[in-house]
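Number of protein chains: 2
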Amino acid sequence: MSNAPVEVLSEEKSWKLLNGSVFGRLAMCIDGQPEIFPLNVFANDGTILFHTADGTKLRELLANDRAVFETDAFTSKHGWSIVAKGRARVLSDPAEIADAERSPLHTWVPTVKTTYVRIDVDEITGRRFAFGLDSREE
Amino acid sequence: MSNAPVEVLSEEKSWKLLNGSVFGRLAMCIDGQPEIFPLNVFANDGTILFHTADGTKLRELLANDRAVFETDAFTSKHGWSIVAKGRARVLSDPAEIADAERSPLHTWVPTVKTTYVRIDVDEITGRRFAFGLDSREE
Chain A
20 MSNAPVEVLS EEKSWKLLNG SVFGRLAMCI DGQPEIFPLN VFANDGTILF HTADGTKLRE
80 LLANDRAVFE TDAFTSKHGW SIVAKGRARV LSDPAEIADA ERSPLHTWVP TVKTTYVRID
140 VDEITGRRFA FGLDSREE
Chain B
20 MSNAPVEVLS EEKSWKLLNG SVFGRLAMCI DGQPEIFPLN VFANDGTILF HTADGTKLRE
80 LLANDRAVFE TDAFTSKHGW SIVAKGRARV LSDPAEIADA ERSPLHTWVP TVKTTYVRID
140 VDEITGRRFA FGLDSREE
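Keeping their order, the protein sequence lines are chains A and B. So the first sequence is residues 20 to 157, counted in our numbering. So the second sequence is residues 20 to 157, counted in our numbering.
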């Protein structure tokens with residue numbers, strides 16, 4: 020275990036942490052402007068699944084843009100952050116939707132959400148932090 | 020207190036929650052591609068202050084792009100998320116840098132960080148969530 024304050028995680032470790040996450044934030048560029056949305060997810064097998072009630076808007080947003088998903092966890096002493104990039108696509112194929120319906124995707128907010136979106140991840144990076152005070156404060 | 024699962028917060032409440040935050044995620048569009056970075060911040064008086072060791076890269080990224088900052092907190096029953104938008108700019112004016120040096124910006128990772136960035140927020144939104152199971156799981 021490295022003592023460096025910031026440790027770059029291997030792809031394997033990054034996937035392990037991503038796959039255990041149920042919540043994170045999605046960032047997209049809409050007409051060149053950044054947008055960020057907190058959401059529940061199910062991550063496995065190289066993809067990140069989520070669903071949303073905001074069907075029309077999200078469908079439009081996802082049509083042409085790459086997406087970035089970030090999830091992290093922190094205590095007072097340590098933390099990690101995973102960033103996964105890929106293309107987000109709305110599921111329309113009945114077999115894919117059926118597969119999504121069987122997933123353990125857990126949505127904390129009990130609204131009716133019918134549009135499934137899957138991000139096919141092609142780039143994942145992870146960092147682990149050991150926290151300390153800023154040098155100005157030592 | 021509303022019983023709705025998702026409550027839109029007032030601007031006043033959103034600022035109060037943002038101002039208490041010390042950590043969040045910054046999203047930017049770089050050549051039309053989304054990027055997201057976890058970071059420590061100091062939020063007050065309509066702005067979000069942070070600093071970074073990644074001077075050259077970040078300076079380039081910030082030159083022409085709007086930034087979105089998100090911070091959130093969750094328990095098993097409730098959560099909130101604040102999204103603040105604005106233009107990020109690297110501080111170069113000595114008076115502004117001196118002001119930043121006096122701020123209680125707290126950086127968990129003890130690296131030397133000399134570039135201060137300030138986001139002048141012009142749009143803030145907040146949501147509070149009451150968690151429940153997805154309807155499929157009820």
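Cβ coordinates follow ideal geometry from the N, Cα and C atoms, glycine included.
Run the CB neighbour count on residue 51/B, radius 10 Å, all protein chains shown included, and call it buried at 16 or more, exposed below.
-> exposed
Beta-carbon separation (whole angstroms), residue 57/B vs residue 100/A, contact threshold 8 Å | 4 Å
Are the Cβ atoms of residue 147/A and residue 44/B separated by less than 8 Å?
-> no
Alpha carbon to alpha carbon, what distance is there between residue 118/B and residue 108/A?
-> 45 Å
Name the residues in the segment 33–53 of chain A whose C-beta lies less than 8 Å from a C-beta of chain B; which are they?
-> 42, 44, 46, 47, 48, 51, 52 and 53
Complete runs of the beta strand (DSSP E) confined to the segment 29–91 of chain B [at least 3 residues] = 42–49, 52–59, 61–63 and 66–71
Which two residues bound the contiguous alpha helix (DSSP H) that contains residue 112/B?
-> From DSSP, residue 112/B is part of no alpha helix (DSSP H); its letter is neither H nor E.
With a CB to CB cut of under 7 Å and the five nearest residues on each side skipped, what residues in its chain are close to residue 30/B?
-> 143
Within the same chain, show all residues whose beta-carbon is closer than 7 Å to that of residue 27/A, passing over the 5 residues directly before and after it, in chain order.
-> 146
What residues from chain A crowd round residue 91/B, counting only those whose CB sits closer than 7 Å?
-> 57
Among 136/B, 24/B, 35/B and 63/B, nearest to residue 86/B - alpha-carbon criterion | 136/B
Determine the burial state of residue 89/A: buried for a count of at least 16 other Cβ atoms within 10 Å of its Cβ, exposed for fewer.
-> buried
How is residue 121/A classed by DSSP in three states: helix, strand or coil?
-> helix
Does the beta-carbon of residue 4/A have 16 or more other beta-carbons within 10 angstroms, so that it is buried, or is it exposed?
-> The displayed coordinates of chain A run from 20 to 157. Any statement about residue 4/A would go beyond what the structure contains.
Can you name the residues that DSSP bridges to residue 95/A?
-> Partner(s): none; residue 95/A has no beta bridge.
For the beta strand (DSSP E) that residue 134/B lies in, which residues bound it at each end?
-> 134–149
May I have the straight-line CA-CA distance separating residue 32/A from residue 71/A, to the nearest angstrom?
-> 28 Å
Does residue 100/A have its Cβ less than 8 Å from a Cβ in chain B?
-> yes
So with Cβ pairs under 8 Å, would you call residue 86/B a contact of chain A?
-> yes
Starting from the Cα of residue 38/A, find the closest Cα among 77/A, 67/A, 121/A and 93/A and give me that residue.
-> 67/A
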